[in-house]
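First comes the structure, then the notes that go with it.
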Amino acid sequence: MPEEQGAEAYLGITGISKHFAGVQALKEAQFSCRKGETHVLIGENGAGKSTLVKIICGVVPRDEGEIRLAGQQIEIRDALDAQKQGIAAVFQELSLIQDLSVAENIFLGNEPVNRFGRIHYRRLYSKAADFLRSLELDLHPRFLVRDLTLCEKQLVEIAKAVYKKPDILILDEATSALGEREVEWLFRLIKKLKEQDKAVIFISHRMDELHQVADRATIFRDARYIMTFRWGDLKDDEIVEHISGKKSTQQEILKPIGVEGDYALEVEGASKGRVLRNISFRLRRGEILGVAGLSGHGQTELLHSLFGDSPLDAGIIKVNGRPITVYNERQALKNGIVLLPEDRKTDGLILSHSVAMNITLMALEKMQRLGVLVRKLERKNIENAVRNLQIKVSDTALAANSLSGGNQQKVVFAKALLADAKIILMSDPTRGIDIGTKNEIYHLMSGLTRDGYSILFYTTELTELLTLCNRVLVMYEGQIASELSGSEVTEKNIIAQSIGIGGAA
Amino acid sequence: MKSSEEIRIFARRNRDIIIAYCVLTVVMSLFASFQADFFTRYGPQSIFNQVITLCIASLGQTLIILTAGIDLSVGTLIIFTNCVAATIMRPVMDLFGGSLVAGSIVTCIIVLALGGLCGLFNGCVVVYGRLQPIIVTLATGSIFSGLARYVRPSPGGDVPAQFGRFFTGRVLEYIPMSALILLFSLLLIWIPYRNRKYGQALYAVGGNENAAFLSGIKINAVKLLAYAIAGMCAAICGILLTAQTRSGDPTAANNFTNNSIAAAVLGGASLAGGKGSYIGSIAGAMILSLLVGLLIFWGISSYYQNLMQGVILILALSVNFFSTIIRERQNRRNVLKGNIN
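First to last, the sequence lines map onto chains A and B.
Sequence positions in the first sequence follow my numbering and run 53 to 557.
Sequence positions in the second sequence follow my numbering and run 57 to 397.
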């Protein structure tokens, strides 16, 4: 459904190509957006969206092609240039300075100075306070960024971009670290910007978010432009088809319900400070037990505690009916518990190491004879993992950070599976991953349960719980507000319980 | 008016500096109780003469550490500039018809420029050669040492006594010249630099180079300027050393490299970059210098002085380390509490 070429395109990009060390990141791509619209870019990880954004922002030079702004052909040589042209972006990787304050970060490179070139700190802080208030953000401008939560840091990042008063605001997966309340806040902000006739370019992998904000959309696949369409003209599964490039063969995933009465993991009265309060549940063998709730209500802490990352104050943990103590990660692994951390880039992977080294990291003991690593054994395990999980990598000797997000997450999966732990704690395993890979991961998870694995599954995406879980624990203020099962597992129930207004479920 | 929250945030942000000054107070009190003339006009004079060189050296080191680098060439650059100053002073004076004042000023200017150039050279190799600062300065440190020996094959030089007295003496009977130099280095170098865009950018570049780049900061320029100023600081240090010893000694062993790094870290600088300050480094430098004085008072053999210094440094840093752990725990608790309430 090729879209009518709007004459009033504000930003127009044609014939853009870009190589990175022999990899074609963009090939003759085109894109255009208008003032007063939210234009979403969709495509799998590695389809070229982020590269396009970086070219628009002058961070990455293009090989060929042209950029037009308001009809004029322009050159964007660096970030400062883009800023002058009225383009500001929130990039995927956080770009804040940890040891500077919120205000200093917002004004970085734009500090108010007096006649003598001295930075006017008092004005900087009062302007920042006013600005944050005008955005309805409850952040103290003097706080060090280091002391903020990931979510707050992301808010600062957004504020920093908005402060530049751009005509075009680019948000590259800006919502992945935000909780639901903050996402709502961002959408209100986007609406306000639209009313001011600004253009917003929005990248996200969450369909529900796209439904809320998108006016038009452009799909990229394999570094190529596929199409631009008005949101609403295509049905969800049609979009998925265009993104993945194949007819969607989505089989319904059977919710693994596990074996009644056979519990892989039992937790009784788990407590930890004010964060976790008297938590009890039982995970059946072969089940995917969902953990829900608004972010910050103890879900990640629960998973990390069970893995021994930050031990519990009180409570009993039983594996296969046998009580165990978990004071550190090694004990957890020995007892067959493994964690897939939510932050794959810092906790899940050693990005600068090769894919192969990452995969075997947790299972090196298995691969040695008389204390010496057996390369052949390593290679066999690595090849198996790459094949089983369909990790798209040309050579496992490549560094992990050369992979796309989805493939990186598969490497984390491979690593955890090699650890021979049958209980897998998953913390938001699909964060920032494209729809195609997400589906693969769902099938992988359901396959694992058939092989006798049991999964405790925390995710920030409700739809995933609805797809995969027969039982869901909803957490509120560090407690389990309710345990939903079977037909009770609905979006409405989960939301009601997670904001503390659900009646008896 | 500052709210209590702002004071709390201030304390939090400057925690390392506050700790450093607390330690300094303790060391200073010990020093006062052992040094007989502490409360006379000679007391401050001798203290500031002891600490001034390391303070200035650590100013330069702090700038480099803030860029996430490290400068291993400070020590030999100080020796190099010291040798040059001691060697050219008399000929320069003769050039100005034997005028002590004109000769000294011109000598100082030449040496400062030389130091700045050497620093800039460090910076150029780091920035354009894309090499690790630790390796670059290790190499250039060797070069500076060789140049020092070329300029002054043997210890010596001709430095007028007045030159030495000027820099180590007192002004208006009570104020030590060294204290004034420290004050000027703060007022004329650090504060103007820190409060300008280049100073702010220094923290950004060291804290997250990619983020600084995305914010449109000219990373290369920021780094080059930092290295050049660091070189000039080493030159100031060389001039002060010339005044104190009234000679140039290419074979002198000094601890400026190690101690300036230690001083910066004691003052709260992070070797990972983006964190630290001259205010803190001054405290660090004073602590280290005064400790040596204390050890001498206590009659500890010079063989053990280094050992003691090392032990004390580790103790001081572990105080920092443990308080960081405790604070992070508290923080996490606060953050979680904040989210729940």
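By construction, the Cβ of each residue, glycine as well, lies at the ideal position given by its N, Cα and C atoms.
- Query: Can you name the residues of chain B whose CB is closer than 8 Å to the CB of A/Ala131?
  - Reply: The contacting residues are Phe269, Leu270, Ser271 and Gly272.
- Spatial distance of A/Phe254 from B/Tyr334 (CA atoms): Spanning the two alpha carbons is a distance of roughly 43 Å.
- Item | Alpha-carbon to alpha-carbon, B/Gln188 and A/Asp199 | Going by the C-alpha atoms only, they are around 29 Å apart.
- Item | Alpha-carbon spacing of A/Ala533 relative to A/Pro113, whole angstroms | Cα to Cα, A/Ala533 sits roughly 51 Å from A/Pro113.
- Query: In chain A, which residues lie with their C-beta within 8 Å of the C-beta of B/Gly336?
  - Reply: Neighbours of B/Gly336 in chain A, taken as residues at a C-beta separation under 8 Å, are lacking, since the least C-beta distance is about 13 Å.
- Query: Is A/Arg334 helix, strand or coil by DSSP?
  - Reply: The three-state reading of DSSP puts A/Arg334 in strand, counting E and B together.
- Message: Is it buried or exposed, A/Ser147, if we count other Cβ atoms within 10 angstroms and call 16 or more buried?
- Response: Burial call: buried.
- Task: Please check if any C-beta of chain A sits within less than 8 Å of the C-beta of B/Ile295.
- Result: So no, B/Ile295 is outside the interface.
- Message: With H, G and I counted as helix, E and B as strand and the rest as coil, what does DSSP make of A/His91?
- Response: Residue state, collapsed to three classes: strand.
- Message: For a test of the three-state rule: what should DSSP assign to A/Gln193, helix, strand or coil?
- Response: The question names Gln, but residue 193 of chain A is Pro in the sequence shown. Three-state DSSP puts A/Pro193 in coil, outside helix and strand.
- Any idea which residues DSSP pairs A/Asp224 with across the strands? A/Asp224 is bridged to A/Ile255.
- Task: With a 10 Å radius around its C-beta and 16 neighbouring C-beta atoms as the bar for buried, classify A/Arg233 as buried or exposed.
- Result: Under this definition A/Arg233 is an exposed residue.
- Query: Since B/Val130 is in the alpha helix (DSSP H), which residue starts that stretch and which ends it?
  - Reply: First-last of the alpha helix (DSSP H) with B/Val130: Val130 to Leu151.
- Message: Measuring alpha carbon to alpha carbon, tell me which residue in B/Ala204, B/Phe378, B/Arg97 and B/Asn251 is nearest B/Val227.
- Response: Ranked by Cα distance from B/Val227, the first of B/Ala204, B/Phe378, B/Arg97 and B/Asn251 is B/Arg97.
- Query: Taking 8 Å as the CB-CB limit, is A/Val111 close to chain B?
  - Reply: Yes - at least one Cβ of chain B is within 8 Å of the one on A/Val111.
- Message: Counting only beta-carbon separations shorter than 8 Å, does B/Gly330 have a partner in chain A?
- Response: At a cut-off of 8 Å between beta-carbon atoms, B/Gly330 makes contact with chain A.
- Task: Starting from the Cα of A/Lys217, find the closest Cα among A/Ala99, A/Gly284 and A/Ala141 and give me that residue.
- Result: The option with the nearest alpha carbon to A/Lys217 is A/Ala141.
- Message: So that I know if they touch, is there some Cβ in chain A lying closer than 8 Å to that of B/Ile292?
- Response: Taking Cβ atoms only, chain A never reaches closer than 8 Å to B/Ile292, which makes this a no.
- Query: DSSP on A/His356, reduced to helix/strand/coil?
  - Reply: In the structure shown, the three-state DSSP call for A/His356 is helix.
- Item | Proximal residues of chain A, C-beta to C-beta of B/Gln256 below 9 Å | What B/Gln256 touches in chain A: Leu152, Glu156, Phe159, Leu160, Gly161, Glu163 and Ile171.
- Task: Would you mind giving the Cβ-Cβ distance between B/Pro232 and B/Asn105, rounded to the nearest angstrom? I have them listed as a contact below 8 Å.
- Result: Right, the Cβ-Cβ distance comes to about 7 Å (below 8 Å), so this counts as a contact.
- Item | Contact list for A/Phe194 against chain B, beta-carbon separation under 8 Å | Looking at the sequence provided, one finds Arg at residue 194 of chain A rather than Phe. Ordered by position in chain B, the residues that pass the 8 Å Cβ test against A/Arg194 are Glu62, Ile65, Phe66 and Arg69.
- Item | A/Leu364 at chain B interface by Cβ criterion, 8 Å | Output row for A/Leu364: interface = no.
- Task: In angstroms with no decimal places, state the Cα-to-Cα distance between A/Asp472 and A/Glu516.
- Result: Roughly 25 Å between the two C-alpha positions.
- Message: Run through chain A and tell me which residues come within less than 9 Å of B/Gly125, C-beta to C-beta.
- Response: Around B/Gly125, no beta-carbon contact reaches into chain A at under 9 Å, the shortest distance being about 16 Å.
- Message: I need the straight-line Cα distance from A/Pro393 to A/Gln461, nearest angstrom please.
- Response: So the two alpha carbons sit approximately 10 Å from each other.
- In angstroms, rounded to a whole number, what distance separates the CA positions of A/Gln57 and A/Asp285? Note that A/Gln57 scores 49 on pLDDT, short of 50, meaning its location in the model is unreliable; the coordinates nonetheless yield the value given after this. Distance between the alpha carbons of A/Gln57 and A/Asp285: 16 Å.
- Message: Quick check: is the beta carbon of B/Arg186 nearer than 8 Å to any beta carbon in chain A?
- Response: It does not: the Cβ of B/Arg186 has no partner Cβ on chain A nearer than 8 Å.
- Message: If you measure between the beta carbons of A/Ser456 and A/Ile475, is that distance less than 8 Å?
- Response: Between A/Ser456 and A/Ile475, the C-beta gap is not smaller than 8 Å, which leaves the two residues out of contact.
- Task: Can you give me the Cβ contacts of A/Glu543 inside the same chain, cut-off strictly under 7 Å, excluding the 5 residues immediately before and after it?
- Result: Residues of the same chain with a CB within less than 7 Å of the CB of A/Glu543, apart from the 5 flanking positions on each side, are Leu514 and Leu518 in chain order.
- Would A/Arg170 pass as a contact of B/Arg252 if the rule is Cβ separation under 8 Å? Cβ distance < 8 Å, so A/Arg170 and B/Arg252 count as in contact.
- Of all Cβ atoms in chain A, is any one closer than 8 Å to the Cβ of B/Asn276? No, no contact with chain A.
- Task: For B/Arg64, name the three-state secondary structure that DSSP assigns.
- Result: It is helical.
- Task: Identify the contact partners of B/Tyr259 in chain A, using a Cβ-Cβ distance below 7 Å as the criterion.
- Result: Counting only Cβ-Cβ distances below 7 Å, B/Tyr259 has contacts in chain A at Ile149, Asp151 and Leu152, in chain order.
- Item | CA-to-CA distance, A/Ile389 to B/Lys393, given in whole angstroms | Because B/Lys393 carries a pLDDT of 46, less than 50, the predicted location of this residue cannot be relied on, and no value is offered for it.
- Assigned exposure category for A/Ile271 - 16 Cβ within 10 Å defines buried: Residue environment analysis places A/Ile271 among the buried positions, since at least 16 neighbouring C-beta atoms fall within 10 angstroms of its C-beta.
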